[in-house]
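Accompanying notes for the structure given below.
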Amino acid sequence: MVVWGLIMTLMCLVKTYPQLLVARIFLGLAEAGLFPGVAFYISLWYPRVERAKRLAIFTASATVAGAFGGILALLSLDRIGGLHGWQWIIANLTSISAVTVLVALAAPFAMSDYPETATFLTEAERHYIVELMKADSQGLATHYNFQFVLQALKDYKIYLQFVIYLGFVVPAYALALFAPTIINELGFTAANAELLTVPPFAAACVSTVIVGIYSDKHRSRGPYVAAGAFVGLIGIIVLYTQVQPGVGLLGVVLAALGIVPCVPVVLAWVSSNAGGDIKRGVAIAIVNGLGNLGGCVTLFSCMLYAADQVKP
1433 MVVWGLIMTL
1443 MCLVKTYPQL
1453 LVARIFLGLA
1463 EAGLFPGVAF
1473 YISLWYPRVE
1483 RAKRLAIFTA
1493 SATVAGAFGG
1503 ILALLSLDRI
1513 GGLHGWQWII
1523 ANLTSISAVT
1533 VLVALAAPFA
1543 MSDYPETATF
1553 LTEAERHYIV
1563 ELMKADSQGL
1573 ATHYNFQFVL
1583 QALKDYKIYL
1593 QFVIYLGFVV
1603 PAYALALFAP
1613 TIINELGFTA
1623 ANAELLTVPP
1633 FAAACVSTVI
1643 VGIYSDKHRS
1653 RGPYVAAGAF
1663 VGLIGIIVLY
1673 TQVQPGVGLL
1683 GVVLAALGIV
1693 PCVPVVLAWV
1703 SSNAGGDIKR
1713 GVAIAIVNGL
1723 GNLGGCVTLF
1733 SCMLYAADQV
1743 KP
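Our numbering runs 1432 ahead of the 1-based position in the sequence shown.
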């Protein structure tokens, strides 16, 4: 967190495409472990039936950022102070990056790796959580052994869950990266398109938290994933077949409502099915790590589409 906070702070100084590319590569390397790390950390503190809502809240924070990003993009600061508009946007995020660094520096003092070592808990609270997690682990090993890593690497079910995860990550990346472009293509002006990215992300934020809560309440993952896929598919069909801009925007909202909540639920599903701390950690890393390829799939798909559009 310290490294990527510093990188984000300094990205406003980037002036060329190669510099931006290098900065983004290092930013990706610094951020790569956060999401799987948080998912694994949650699995150390909460039983399987209480993880989806917490992962959902964490994921929902990204949709809040997306909603504010649409509003921030309306600011016209291009060439002011000799900086491009996108440099000003990053400069405006410097304060957020500074908060990231401060949180990272404070985290080791405010957080404990395991309930057993948590100084902010009373002895009774520590005992309760430890016994709860022991019952939830069903006697599976929690110590490190490379054999557990190999078990995860050889488990075909983990790769099947990766395929499911990828199926949601690709359209989720499309919404995150290209929502303004998609809405602009519907017929809205560029400025209005930026502002109209707020409703899909706001809807996704609310639905993500609600789905996470009810997935835990009903102790069910698969039906919620299937329902989310269905709603997302309906949204994409509406978007593809729309005849009016407003209908197309409704399709974007439906797609976000269905797709985004499934990302944390699938990760909670992976976390629940992989037994033992080590195998669970590797399983989460495999699914989430390989799932990041969804960004590449989305980007190159859009590049191929754009290239096809300009063919003579």
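Think of the CB as a built atom: it goes at the ideal place given N, C-alpha and C, for glycine as much as any other residue.
Nearest-angstrom beta carbon gap, L1628 and I1615 [assumed within contact, 8 Å]: In this structure I1615 is in contact with L1628, their Cβ atoms being roughly 5 Å apart against a cut-off of 8 Å.
Rounded Cβ spacing between N1720 and F1467 (contact assumed at less than 8 Å): About 6 Å; that satisfies the 8 Å criterion.
Pairwise C-alpha distance: R1558 and L1609: Distance from the CA of L1609 to the CA of R1558, rounded to the nearest whole angstrom, comes to 43 Å.
Neighbourhood of E1548 by C-beta, 8 Å cutoff - its chain only, sequence neighbours within 5 removed: R1558, V1562.
Where T1491 falls: helix, strand or coil (DSSP): Look at T1491 here: in three-state DSSP terms it is helix.
Contact under 8 Å by Cβ, V1663 with V1670: No; because the gap between Cβ atoms is not below 8 Å, this pair is not in contact.
For M1565, the three-state DSSP class (helix, strand or coil): It is helical.
Cβ pair count under 8 Å reaching 3, the stretch 1708–1717 against the stretch 1577–1585: The stretch 1708–1717, when compared against the stretch 1577–1585, does touch it at the 8 Å Cβ threshold.
Nearest-angstrom beta carbon gap, P1696 and T1491 [assumed within contact, 8 Å]: Approximately 4 Å separates the beta-carbon atoms of T1491 and P1696; this is inside 8 Å, confirming the contact.
Where S1652 sits in the DSSP three-state scheme: Secondary structure at S1652: coil, using DSSP grouped into helix, strand and coil.
Rounded straight-line distance, which links the Cα of P1693 to that of Y1588: Each residue's alpha carbon lies about 24 Å from the other.
M1440 (DSSP reduced to helix, strand or coil): It is helical.
Uninterrupted alpha helix (DSSP H) stretches inside the stretch 1584–1647 (no shorter than 4 residues): Runs found: 1588–1617, 1622–1627.
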